[in-house]
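Colleague: Each protein sequence line maps, in turn, to chains G and V.
According to my numbering, the residues represented by the first sequence are 196 to 284, in order.
According to my numbering, the residues represented by the second sequence are 296 to 482, in order.
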Amino acid sequence: MQYFKITLIRSGIGMTGRQNKVLQSLGLRKRMSIVYHPVSPEVAGKIMKVKELVTVAETDKLETKKEIQESRRPPKGFVVEKKVLGGSV
Amino acid sequence: MSLPALRRLLRPSLLSYSVLSRSIIPTVATRTALLTTSAVPSSTPPPPPPVSAPSTEPTTLTSSDLNLLPLLRAQPQHYATIHIQGFPFLVTAGDQVTLPFRLKDVTVGDQLRITHVSVLGSRDYTLKGAPWIDEKLFEVRATVIEETSEPMRIKKKKKQRTRRTKTVKSKHFYTVLRVSQIDVLEQ
């Protein structure tokens, strides 16, 4: 199954009510939020209504919200070698 | 609407260049580790560094870097740019680092081994990772010495022509580390 990976690049602030309603229906809330929708003429039409605000890619892999969040998290940068016994404060 | 038609319409060349030229699909990064020397001045300016998309894997050394690595290792003192939860800190052995946050899952007294280092250098040589240096090349250790907090700060918020003043108090927690060891390992 093919999916559109839609990323909101430009904010909907200052855009028309219609464009904001389309963003709402796509599930795009904040800038740089990513949403997956199956490829269909309906979704294609929605993208065309907000094409100036959005970047689109086609994939067959879905990413859950948690996975997107994890991919954005910076690495911890360390490993605990010796743990001191006893609880934290 | 057909997909090819949609693709044609969403091509960056037809839309605003400044906004939509960014691609969300990452390009394949060219991974190069640069081991440079500052001791020997070069007559010709060095070539500009290759522009590449950021990669997340540590770099593999080239043969020229491997030749210079013993020279870096032989130097008496080293520094490193360690990254803790994305925050970079330039440290040497014996440095105290006050992190601007509290490290979770860590208690005072724990010994940490740093895994993400982007720059490893000394007086005459610098090894730069793109973005990280291979873990097999270094050993950087730190100890958690303190979990403290900042002095209380009070922010007053008041609008013009209004008598109401809102007070917001902040007292964030910080973790303090001491970097105990920075070693360049033998290959």
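Note that the Cβ used here is the ideal one computed from N, Cα and C, for glycine as well.
Do you know how far the Cα of residue 234 of chain G is from the Cα of residue 203 of chain G?
Modeller: 17 Å
Colleague: Could you give the DSSP three-state label for residue 346 of chain V: helix, strand or coil?
Modeller: Only weak support is given to the placement of residue 346 of chain V: the predicted model assigns it a pLDDT of 49, under 50, and the question is left unresolved by the model.
Colleague: How would you call residue 353 of chain V, buried or exposed, if buried means at least 16 neighbouring beta carbons within 10 angstroms?
Modeller: When all chains shown are included, residue 353 of chain V counts as buried.
Colleague: Does the structure place the segment 242–255 of chain G close enough to the segment 196–211 of chain G that three or more beta carbon pairs sit under 8 Å?
Modeller: yes
Colleague: Per DSSP, which residues does residue 441 of chain V bridge with? Please list them.
Modeller: V/471
Colleague: Just to confirm, is the Cβ distance from residue 196 of chain G to residue 248 of chain G under 8 Å?
Modeller: It is not a contact, given that the beta carbons lie outside the stated cut-off.
Colleague: From residue 469 of chain V to residue 238 of chain G, what distance separates their C-alpha atoms?
Modeller: Just so you know, the alpha carbons of residue 469 of chain V and residue 238 of chain G end up roughly 47 Å apart.
Colleague: Show which residues of chain V have a CB atom less than 7 Å away from the CB atom of residue 271 of chain G.
Modeller: 380
Colleague: Identify the residues that DSSP records as bridge partners of residue 433 of chain V: which are they?
Modeller: V/479
Colleague: Helix, strand or coil: which one does DSSP assign to residue 276 of chain G?
Modeller: strand
Colleague: Just curious, the beta strand (DSSP E) that residue 258 of chain G is in, first and last residue?
Modeller: Segment: none, residue 258 of chain G is in no beta strand (DSSP E) and carries neither H nor E.
Colleague: Would DSSP call residue 220 of chain G helix, strand or coil?
Modeller: helix
Colleague: Going by alpha carbons, who is nearest to residue 372 of chain V out of V/384, V/398, V/421?
Modeller: V/421
Colleague: Select from the segment 389–411 of chain V all residues with a C-beta closer than 8 Å to any C-beta belonging to chain G, and list them in chain order.
Modeller: 400, 401, 402, 403, 404, 405, 406, 407, 408, 409, 410, 411
Colleague: Does the segment 426–437 of chain V come within contact of the segment 410–418 of chain V, defined as at least 3 CB pairs closer than 8 Å?
Modeller: yes
Colleague: Assuming residue 458 of chain V and residue 391 of chain V form a contact by the criterion Cβ under 8 Å, report the distance between their Cβ atoms to the nearest whole angstrom.
Modeller: The pair is not a contact, with the Cβ atoms about 45 Å apart (cut-off 8 Å).
Colleague: Give the secondary structure of residue 416 of chain V by DSSP, where H, G and I count as helix, E and B as strand, and everything else as coil.
Modeller: strand
Colleague: When the cut-off is 8 Å and only beta carbons count, does residue 319 of chain V lie next to chain G?
Modeller: Confidence at residue 319 of chain V is low in this model, with a pLDDT of 37, below 50, so the placement of that residue is unreliable and no value is reported for it.
Colleague: Would you say residue 428 of chain V faces chain G, with C-beta separation under 8 Å as the test?
Modeller: no
Colleague: Across the segment 398–407 of chain V and the segment 355–370 of chain V, are there enough close Cβ pairs to call them in contact, namely three or more that are closer than 8 Å?
Modeller: Counting Cβ pairs under 8 Å, fewer than three are found: no touch.
Colleague: May I ask you to list, following chain order, the residues of the segment 352–385 of chain V that have a beta carbon less than 7 Å from some beta carbon of chain G?
Modeller: 377, 378, 379, 380, 381
Colleague: Pull up the distance between the alpha-carbon of residue 446 of chain V and that of residue 425 of chain V, whole angstroms please.
Modeller: 38 Å
Colleague: Is the beta carbon of residue 443 of chain V less than 8 Å from the beta carbon of residue 453 of chain V?
Modeller: no
Colleague: In chain V, which residues lie with their C-beta within 9 Å of the C-beta of residue 276 of chain G?
Modeller: 405, 406, 407, 408, 436
Colleague: Distance, Cα to Cα, residue 270 of chain G vs residue 382 of chain V?
Modeller: The straight-line gap from Cα to Cα measures roughly 10 Å.
Colleague: Using 10 angstroms around the beta-carbon of residue 417 of chain V, count the other beta-carbons present and answer buried if the total reaches 16, otherwise exposed.
Modeller: buried
Colleague: For residue 255 of chain G, which option in G/221, G/207, G/218, G/231 has the closest C-alpha, if you only look at C-alpha atoms?
Modeller: G/231
Colleague: In this structure, does DSSP put residue 238 of chain G in helix, strand or coil?
Modeller: helix
Colleague: Please report how far the alpha carbon of residue 440 of chain V lies from the alpha carbon of residue 401 of chain V, in whole angstroms.
Modeller: 11 Å
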